[in-house]
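Asker: Supplied in structure tokens, the structure appears directly below.
Residue numbers (our numbering): 159 to 989.
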């Protein structure tokens with residue numbers, strides 16, 4: 159155990175055996191893409207090659223659109239930039255625009271992020287539709303965002319991949335679909351049934367208008383616009399505009415451009431507006447002095463139409479971060495004919511193509527569970543967003559992805575899932591991260607709207623890059639530059655490490671942990687999260703070591719592997735677990751030993767082991783925390799040393815104690831599955847030789863917290879919630895940054911995944927099909943007793959047969975040689 163006078167880490171002798179297991183030579187080569195099923199299949203596997211639209215009927219984009227899920231349910235493509243949806247008046251909840259419930263509708267905006275925490279993100283260039291103005295007088299319509307909200311028609315929302323529609327109580331029905339950079343809206347106007355006016359039911363026919371008015375606002379969801387301009391062209395029916403806004407979880411500003419064209423109705427009036435004042439003026443420029451007279455920030459352009467035969471008007475919204483000319487070009491090239499059904503069909507095809515790399519045998523599986531699975535898989539492709547060709551910051555031939563919200567969340571599940579299902583896109587994301595380093599000096603930790611986001615813990619792009627290398631995601635990746643980027647994280651202090659890189663390097667180098675009272679003299683950042691950052695920096699250094707050895711930097715590999723042992727230096731072996739009883743007294747549990755903040759003098763400082771858990775002060779350790787842990791308790795972080803699980807179990811006091819404590823963590827109300835660091839703890843029983851306990855908790859959390867209800871995820875999605883549930887239901891979960899997948903029984907009788915080599919990777923259940931425990935396994939016909947599998951299975955394909963039972967097996971995955979590696983092997987390139 160560590161003590162004030164004897165620290166563990168770089169000053170310890172290097173574990174040569176661990177290094178030998180961990181690091182082997184990587185031969186970096188490119189791989190050939192094959193068609194989905196263009197190679198011979200393993201014996202006994204029946205593969206259906208059809209890419210059926212039936213997949214889409216099991217996707218419910220509305221899951222997670224309440225209670226902080228912040229899921230974007232609107233129309234978009236995989237990784238699409240254009241994202242159209244109805245925005246709701248739901249302060250604190252509408253980070254992705256739309257929230258299910260009965261909140262008023264503000265309009266339909268065109269750029270969104272999905273699953274983020276914190277403030278509303280994007281929501282730029284909202285469109286609002288008036289079915290008519292009083293007396294058909296455009297000056298009598300309302301324009302300001304605070305004046306125009308309208309009630310939705312109950313149960314009118316329809317959300318499907320590539321499509322969203324809603325009916326409003328002002329007679330308007332809005333449908334929308336999307337291409338990569340363009341949204342297409344179809345507005346229709348009801349004259350049947352009843353609508354609401356001043357809270358009263360009125361026959362729609364009495365309100366029938368002949369002159370609807372459509373406005374385009376320059377505001378965003380967060381009300382952050384700083385300047386902008388708009389111009390209308392009544393001769394052609396075009397509105398162009400631009401604005402500058404602030405990101406939702408970072409620093410800086412970004413600009414965007416819009417080009418809106420209409421089809422279906424002849425134009426009778428047009429102009430611009432500021433607040434609720436509309437004029438025929440065709441050009442409007444907003445600056446800060448003008449904005450001070452306009453508290454809502456609403457300003458934009460409008461057009462009034464004669465309602466056409468068929469009662470439909472289409473609005474095509476081209477988007478760009480480069481220029482209005484580019485926005486118009488995007489629209490004209492992607493949707494030249496205003497063809498709504500064609501555009502929708504192509505969007506559906508794009509989603510089918512992305513999702514159909516997975517096939518499942520669903521016999522005996524409820525519709526709810528199928529919806530849980532496919533909806534989670536769908537959400538995993540919503541972000542990051544592919545902004546390639548739309549980067550205004552620098553010229554580059556490399557891909558550019560944005561909306562990494564945040565890598566601290568996504569590295570644990572989403573990126574490893576994409577590595578299996580969409581390796582081409584994952585390679586482009588890695589290349590994008592490296593290109594950000596080339597031009598800005600550090601890898602992103604969180605990034606949105608071309609701005610640097612706030613760091614949450616370690617430099618976790620390091621994990622994504624290591625994960626890519628060990629799993630052969632190498633196409634087009636410049637590994638020497640990637641390694642330079644990792645060294646920048648590991649050795650250089652940014653001026654402001656609240657936005658990138660790591661802070662407190664002096665403490666890390668001299669004390670081998672981050673002291674809670676250390677003042678960084680090289681840069682600045684929050685003086686908090688010292689324990690969680692110590693634990694994350696240690697794992698980040700493990701990932702640097704893995705890449706270093708793979709690229710032949712052997713001395714560096716030894717250095718960083720040794721530094722990965724610094725997690726031990728914040729472990730207080732004497733710290734007791736204190737809990738408050740219902741009568742207000744403090745009770746000491748039987749559990750001793752937890753990570754704790756530590757000063758420069760080596761002395762530990764007490765922080766409650768339960769703070770920032772559902773059991774105590776849940777909301778006390780988010781971004782602005784003063785505490786030593788970030789978004790998790792000392793209980794949660796006591797399990798975080800994925801590079802050295804054997805050492806961690808030893809610190810706990812052995813496998814039995816580790817299992818007991820991990821089981822207590824999940825059963826006592828301390829664990830919170832709404833945050834990504836808890837994911838791996840569900841499976842860490844594997845390391846103690848109890849994979850059956852992992853299976854128990856998998857089947858507890860699904861479906862209790864991950865299900866097909868509208869509230870079917872336990873926290874904001876980050877595209878990681880969906881990745882977690884879909885991988886778990888397929889029967890595995892990754893240890894990100896290592897060539898290790900921990901195995902549990904899949905929820906389906908059979909799962910088939912496309913591989914890069916053409917032969918599918920098939921996971922098939924045998925035995926007691928409803929059993930949750932694996933009793934035995936075969937890999938390609940040979941007995942397989944390990945509780946984990948390497949990426950070779952997903953890369954090359956094969957057949958994994960799992961015999962299931964209703965009781966925990968004392969044999970499968972329980973022997974020391976069957977446990978997942980503590981220092982992961984498998985950096986050897988598989989070609």
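Ideal Cβ placement from N, Cα and C applies to all residues, glycine included.
#1: Who are residue 409's beta bridge partners in DSSP?
#2: Ordered along the chain, which non-local residues of its own chain (more than five positions away) have a Cβ less than 7 Å from that of residue 969?
#3: In this structure, how does DSSP classify residue 517 when only helix, strand and coil are distinguished?
#4: Going by other Cβ atoms of all chains shown within 10 Å of its Cβ, with 16 needed for buried, is residue 370 buried or exposed?
#5: Can you tell me whether residue 570 is buried or exposed, with buried defined as 16 or more other CB within 10 angstroms of its CB?
#6: Which word fits residue 393, buried or exposed, when buried means at least 16 other C-beta atoms lie within 10 angstroms of its C-beta?
#7: Starting from residue 754, follow the alpha helix (DSSP H) in both directions and report where the run begins and ends.
#8: For the stretch 471-489 and the stretch 413-422, state whether three or more C-beta atom pairs, one from each stretch, are separated by less than 8 Å.
#9: Ends of the alpha helix (DSSP H) at residue 879?
#10: Check the DSSP bridge columns for residue 932 and list the partner residues they point to.
#11: Measuring CB to CB, does residue 652 end up less than 8 Å from residue 506?
#12: In whole angstroms, what is the alpha-carbon distance linking residue 413 and residue 535?
#13: Please list the segments of the beta strand (DSSP E) lying wholly inside the stretch 574-628, counting only runs of 3 or more residues, in order along the chain.
#14: Would you give the residue range spanned by the beta strand (DSSP E) that residue 801 belongs to?
#15: What are the start and end residues of the beta strand (DSSP E) that includes residue 324?
#16: Per the DSSP calculation, residue 245 is bridged to which residue(s)?
#17: Which first and last residues belong to the beta strand (DSSP E) in which residue 343 is found?
#18: Pull up the distance between the alpha-carbon of residue 980 and that of residue 572, whole angstroms please.
#19: Output the boundary residues of the alpha helix (DSSP H) element that contains residue 994.
#20: Suppose the cutoff is 7 Å on Cβ atoms and the five residues either side in sequence are ignored; what does the same chain contact list for residue 843 look like?
#21: Scan the stretch 804-881 and note each continuous alpha helix (DSSP H) run of 4 residues or more that stays entirely inside, going in chain order.
#22: Just curious, the alpha helix (DSSP H) that residue 646 is in, first and last residue?
#23: Run through DSSP, which three-state label would residue 564 get?
#24: If distances are taken between C-alpha atoms only, which option among 622, 614 and 578 comes closest to residue 587?
#25: Tell me whether residue 286 sits in a helix, a strand or coil according to DSSP, three-state version.
#26: Measuring straight from C-alpha to C-alpha, what distance separates residue 468 and residue 246?
#27: Would residue 799 and residue 805 be called neighbours here (beta carbons separated by less than 8 Å)?
#28: Tell me, please, whether the CB atom of residue 814 is closer than 8 Å to any CB atom in chain B?
#29: Can you have a look at residue 738 and say buried or exposed, based on whether 16 or more other CB atoms are within 10 angstroms of its CB?
#30: Who are residue 892's beta bridge partners in DSSP?
#31: Which stretch, first to last residue, makes up the alpha helix (DSSP H) that contains residue 715?
#32: By the 10 Å Cβ neighbour count, where 16 or more other Cβ atoms means buried, how is residue 996 classified, buried or exposed?
#33: Only counting runs of 3 or more residues, tell me where the beta strand (DSSP E) segments fall wholly within the stretch 491-542, in order along the chain.
#34: How would you write the range of the alpha helix (DSSP H) that residue 691 sits in, first residue to last?
#35: Assuming residue 214 is part of the alpha helix (DSSP H), what are its boundary residues?
#36: For residue 222, count neighbouring Cβ atoms within 10 angstroms of its own Cβ and tell me buried if that reaches 16, exposed if not.
Answerer: Let's see:
#1: In the chain shown, residue 409 corresponds to position 251, counting from 1. Residue 409 is bridged by DSSP to 610.
#2: Residue numbering aside, residue 969 sits at position 811 when the chain shown is read from its first letter. Excluding positions up to five away in sequence, the list is empty.
#3: In the chain shown, the residue the question calls residue 517 occupies position 359. It is a strand residue.
#4: Residue 370 sits at position 212 when you count from the first residue of the chain shown. With 16 or more other CB atoms across the displayed protein chains lying within 10 angstroms of its CB, residue 370 is buried.
#5: The count along the chain shown starts at 1 and reaches residue 570 at position 412. Buried, because 16 or more other Cβ atoms sit within 10 Å of the Cβ of residue 570.
#6: Working through the chain shown from its first residue, we reach residue 393 at position 235. Result: exposed.
#7: Working through the chain shown from its first residue, we reach residue 754 at position 596. Element bounds for residue 754: n/a, residue is neither H nor E.
#8: Output reads yes: the stretch 413-422 touches the stretch 471-489.
#9: For the purposes of this step, residue 879 is identified with residue 721 of the chain shown, where counting begins at 1. Under the DSSP assignment, residue 879 falls in the alpha helix (DSSP H) whose first and last residues are 878-888.
#10: One-based indexing of the chain shown puts residue 932 at position 774. Bridge partners of residue 932: 962.
#11: Here residue 652 refers to the residue found at position 494 when the chain shown is read from its first residue. Here residue 506 refers to the residue found at position 348 when the chain shown is read from its first residue. It is not a contact, given that the beta carbons lie outside the stated cut-off.
#12: Here residue 413 is taken as the residue at index 255 of the chain shown, counted from 1. Here residue 535 is taken as the residue at index 377 of the chain shown, counted from 1. Annotation: residue 413 to residue 535 spans about 31 Å, alpha carbon to alpha carbon.
#13: Within the stretch 574-628, the complete beta strand (DSSP E) runs of at least 3 residues are 609-611.
#14: The count along the chain shown starts at 1 and reaches residue 801 at position 643. In the DSSP annotation of this structure, residue 801 is not part of any beta strand (DSSP E), being labelled neither H nor E.
#15: Residue 324 sits at position 166 when you count from the first residue of the chain shown. Looking at the DSSP string, the run of the beta strand (DSSP E) that includes residue 324 is 321-325.
#16: In the chain shown, the residue the question calls residue 245 occupies position 87. 265, per the DSSP bridge assignment.
#17: Within the chain shown, the letter at position 185 stands for residue 343. It spans 340-347 - the beta strand (DSSP E) in which residue 343 sits, taken as one unbroken run.
#18: For the purposes of this step, residue 980 is taken as the residue at position 822 of the chain shown. For the purposes of this step, residue 572 is taken as the residue at position 414 of the chain shown. When the Cα atoms are used, residue 980 and residue 572 turn out to be separated by approximately 23 Å.
#19: Nothing in the structure corresponds to residue 994, since the chain is present only between 159 and 989.
#20: For the purposes of this step, residue 843 is identified with residue 685 of the chain shown, where counting begins at 1. Cβ within range, chain order: 817, 820, 849, 851 and 852.
#21: As summarised for the stretch 804-881, the continuous alpha helix (DSSP H) elements at least 4 residues long and confined to that stretch are 813-825 and 849-862, given in chain order.
#22: As a first step, residue 646 is located in the chain shown; it is residue number 488 there, counting from the start. Here the alpha helix (DSSP H) through residue 646 covers 637-649.
#23: Mapped onto the chain shown, residue 564 falls at position 406. If DSSP states are grouped into helix, strand and coil, residue 564 belongs with coil.
#24: Taking the first residue of the chain shown as 1, we reach residue 587 at position 429. Sorting 622, 614 and 578 by C-alpha distance to the C-alpha of residue 587 places 622 at the top.
#25: Position 128 of the chain shown holds residue 286. In the structure shown, the three-state DSSP call for residue 286 is strand.
#26: Position 310 of the chain shown holds residue 468. Position 88 of the chain shown holds residue 246. Using only the alpha carbons, I get a separation of about 28 Å.
#27: On the chain shown, position 641 is the one that residue 799 refers to. On the chain shown, position 647 is the one that residue 805 refers to. Closer than 8 Å, so yes.
#28: Included in the structure is just one protein chain, with no chain B present.
#29: Counting from one through the chain shown, the residue named residue 738 turns up at place 580. Around the CB of residue 738, fewer than 16 other CB atoms lie within 10 Å, so the residue is classed as exposed.
#30: Counted from its first residue, the chain shown places residue 892 at position 734. In the DSSP output, where bridge partners are listed per residue, residue 892 has 899.
#31: Residue mapping note: residue 715 aligns to position 557 of the chain shown, counting from 1. Looking at the DSSP string, the run of the alpha helix (DSSP H) that includes residue 715 is 712-721.
#32: Any question about residue 996 goes unanswered here, given that the chain covers just 159 to 989.
#33: Qualifying beta strand (DSSP E) stretches, in chain order: 516-519.
#34: The sequence position of residue 691 within the chain shown is 533, counting from 1. Segment 688-708, the alpha helix (DSSP H) holding residue 691.
#35: Stepping through the chain shown from its first residue, residue 214 is reached at position 56. Bounds of the alpha helix (DSSP H) holding residue 214 are 212-215.
#36: Counting from one through the chain shown, the residue named residue 222 turns up at place 64. Looking at its Cβ environment, which holds 16 or more other Cβ atoms inside 10 Å, residue 222 is buried.
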